[in-house]
């Protein structure tokens, strides 16, 4: 692409690529995982069973669950990215 | 994050300003934008009887879809729906390429809407390019500010609508007016708004190029008979400028006048004349742009057109290929199964739990009793009275506190059931028997569960 010829744009491209291989895929996976998980498990039951002294609404439970899934996916993606980069370096 | 990485975040990219083109495909795309956004923004406002027609009521774990209500127990339909969506994507991709990307993907649709607003405030492509380079005068501030104001209002309304699919939208509207929404509603409203604003206003085609997984694996569904957008190289090359009345053959030129309109129209900034590229979202803007030029030059249309690899190579094109047929058959089978199963769905489900403390009880010398808790879920929108019956063991009888078990619309209730079997009819522990619950109002509404009766081992 002509507009990505200079160094600045090349850096921008790499940044976006990194964003695209970590933040975005983990977001998509977290969305699916949340649907599957909460389709079968009621966050309210989970809260009563595990953290009875906390007051978390269902909506709050879904949200926390979603971001937890996203966080886990993101951590895994970032590790993948780092490991892949190190693999390119001569040992 | 290292310093170098930090600095990268502030480097501005050369923004792509796609040129506005007119033509049949762009009309189709605009129509798709209007229809899809109309559905998205309109659907939550529809009412069905006395509730919202489409409401994914997360707080009470019920999904309302017009006349149907789904419960977590109906999870299988959601799984089937995801399979249907995936199969449809495979089918349409094999048949017609990236139809999804060009016409239906939310990223494309919202980007189009955001570009309309940009055009409204900042003018056409030339004006926008000039404005990008212009100093910050009063005019620029006004135009930029106007654009962002429009974008933000639109994005906020988008976020509001999104939450309206999960919380009744009329209540939500009141909540926003009175600033009395719950924390999580505010959170999702703003989260979705910011995501819309960022994705459709700034990231745009970069989502397709750098982030979209579908863009990477769609080529696996392609074959030589899939519809793609392609430039007829044989006809167009060698490209070059010429006078309108000149005879290109005499000058040794092809039909491409190298006006670059196809490149300017492209929302992902590629040159289709370089061949099929994964950045191409098949929006057909270049087709419309080129056909307009061909008309002006009095050349035949279709220098850039929907075609297939086989057609370009001069081979016969086939629509019905094994791949397409297999996808279609699978899709129809899953859809038919799903439709049948939904039509046969009974708005009632039960769970039978045996008493964990006492395995069995001797009522008298001749009778053994087991106690069960039956959890009844009335998924219907009216209250039902149910009658309970047991079957499957000789002389089996059931006793409930009330003969009529009444459960309200969309509610759950538990009843304790004492089941008795004559001792001489028991043949060891774990004898299966059937427990049947039937509505007194509607005999079609009934379910049968199998449970196990425990007795002494002689």
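Residue numbers (this note's numbering), protein chains in the order written: chain A, 1 to 91; chain B, 1001 to 1458.
Even for Gly, the Cβ is constructed at its ideal location relative to N, Cα and C.
Contacts of residue i in chain A (Cβ-Cβ under 8 Å)
| i | result |
| --- | --- |
| residue 1078 (chain B) | 35 and 39 |
| residue 1024 (chain B) | Correct list: empty, because the minimum Cβ distance to chain A is about 28 Å. |
| residue 1187 (chain B) | 63 |
Minimum Cβ-Cβ distance from residue i to chain A less than 7 Å
| i | result |
| --- | --- |
| residue 1267 (chain B) | no |
| residue 1299 (chain B) | no |
| residue 1294 (chain B) | no |
| residue 1006 (chain B) | With a pLDDT of 40 at residue 1006 (chain B), under the threshold of 50, the modelled position of this residue cannot be trusted, and the question is left open. |
| residue 1040 (chain B) | no |
| residue 1072 (chain B) | yes |
| residue 1011 (chain B) | Any answer about residue 1011 (chain B) is weak, because its pLDDT of 38 lies below 50 and its placement is not dependable; what the coordinates show is given next. Yes, residue 1011 (chain B) counts as interfacial toward chain A. |
Where residue i meets chain A, residues with beta-carbon distance less than 7 Å
| i | result |
| --- | --- |
| residue 983 (chain B) | With chain B covering only 1001 through 1458, there is no way to say anything about residue 983 (chain B). |
| residue 947 (chain B) | This structure cannot speak to residue 947 (chain B), because chain B is shown only from 1001 to 1458. |
| residue 1061 (chain B) | 42 |
Residue i at chain B interface by Cβ criterion, 7 Å
| i | result |
| --- | --- |
| residue 70 (chain A) | no |
| residue 24 (chain A) | yes |
| residue 10 (chain A) | no |
Neighbour list for residue i in chain A, Cβ cutoff strictly below 9 Å
| i | result |
| --- | --- |
| residue 1182 (chain B) | 57, 59 and 60 |
Coarse secondary structure for residue i, derived from DSSP in three states
| i | result |
| --- | --- |
| residue 1246 (chain B) | coil |
| residue 1144 (chain B) | helix |
| residue 1358 (chain B) | coil |
| residue 1234 (chain B) | helix |
| residue 1405 (chain B) | strand |
| residue 1051 (chain B) | strand |
| residue 1346 (chain B) | coil |
| residue 1255 (chain B) | coil |
| residue 1449 (chain B) | strand |
| residue 1165 (chain B) | coil |
| residue 1457 (chain B) | coil |
| residue 1064 (chain B) | strand |
| residue 47 (chain A) | helix |
| residue 4 (chain A) | With a pLDDT of 44 at residue 4 (chain A), under the threshold of 50, the modelled position of this residue cannot be trusted; read the value that follows with caution. Helix, per DSSP. |
| residue 1199 (chain B) | helix |
| residue 1027 (chain B) | helix |
| residue 1171 (chain B) | helix |
| residue 53 (chain A) | coil |
| residue 1386 (chain B) | strand |
Check whether residue i and residue j have beta carbons under 7 Å apart
| i | j | result |
| --- | --- | --- |
| residue 1121 (chain B) | residue 1143 (chain B) | yes |
| residue 1311 (chain B) | residue 1286 (chain B) | no |
| residue 58 (chain A) | residue 1059 (chain B) | yes |
| residue 1167 (chain B) | residue 1225 (chain B) | no |
| residue 1352 (chain B) | residue 1449 (chain B) | yes |
| residue 54 (chain A) | residue 1211 (chain B) | no |
| residue 1447 (chain B) | residue 1350 (chain B) | yes |
| residue 1304 (chain B) | residue 1290 (chain B) | yes |
| residue 1164 (chain B) | residue 1044 (chain B) | yes |
| residue 26 (chain A) | residue 73 (chain A) | yes |
| residue 1457 (chain B) | residue 1428 (chain B) | yes |
Chain-ordered chain B contacts of residue i [CB-CB under 8 Å]
| i | result |
| --- | --- |
| residue 73 (chain A) | By Cβ distance, chain B contributes nothing, its closest Cβ being about 13 Å from residue 73 (chain A), past 8 Å. |
Contact set between residue i and chain B, taken where Cβ atoms lie within less than 7 Å
| i | result |
| --- | --- |
| residue 20 (chain A) | 1210 and 1211 |
Chain E contact for residue i (CB, 7 Å cutoff)
| i | result |
| --- | --- |
| residue 1075 (chain B) | Looking at the structure shown, chain E is missing, and the protein chains on hand are A and B. |
Contact test: residue i Cβ vs the ligand MG heavy atom, cutoff 6 Å
| i | result |
| --- | --- |
| residue 1293 (chain B) | Here there are no bound small molecules, and the ligand MG is not part of this structure. |
message = Does the stretch 1127-1140 of chain B come into contact with the stretch 1060-1074 of chain B, if we say contact requires no fewer than three beta-carbon pairs (one atom in each stretch) closer than 8 Å?
response = Under the three-pair Cβ rule at 8 Å, the stretch 1127-1140 of chain B does not count as touching the stretch 1060-1074 of chain B.
task = Please confirm if the stretch 1432-1446 of chain B is in contact with the stretch 1377-1393 of chain B, defined as three or more CB-CB distances below 8 Å between the two stretches.
result = Yes, they touch.
| task | For the stretch 1398-1417 of chain B and the stretch 1366-1376 of chain B, state whether three or more C-beta atom pairs, one from each stretch, are separated by less than 8 Å. | result | Result yes; three or more Cβ-Cβ pairs closer than 8 Å.
Are at least three pairs of beta-carbons, each pair with one atom in the stretch 1194-1214 of chain B and one in the stretch 1268-1276 of chain B, less than 8 Å apart?
-> Put simply, the stretch 1194-1214 of chain B touches the stretch 1268-1276 of chain B. At least three CB pairs are less than 8 Å apart.
Whether or not the stretch 1318-1328 of chain B and the stretch 1092-1110 of chain B are in contact is what I'm after, with contact meaning three or more pairs of Cβ atoms, one per stretch, closer than 8 Å; do they touch?
Here the stretch 1092-1110 of chain B makes contact with the stretch 1318-1328 of chain B; the two share three or more CB pairs at distances below 8 Å.
* To do: Examine the Cβ distances between the stretch 62-82 of chain A and the stretch 31-49 of chain A and report whether three or more of them are shorter than 8 Å.
  => Taking 8 Å as the limit for Cβ pairs, the verdict is that the stretch 31-49 of chain A does touch the stretch 62-82 of chain A.
Checklist entry - Does the pairing of the stretch 70-84 of chain A with the stretch 1246-1255 of chain B give three or more beta-carbon distances under 8 Å? => result Not touching, per the Cβ criterion.
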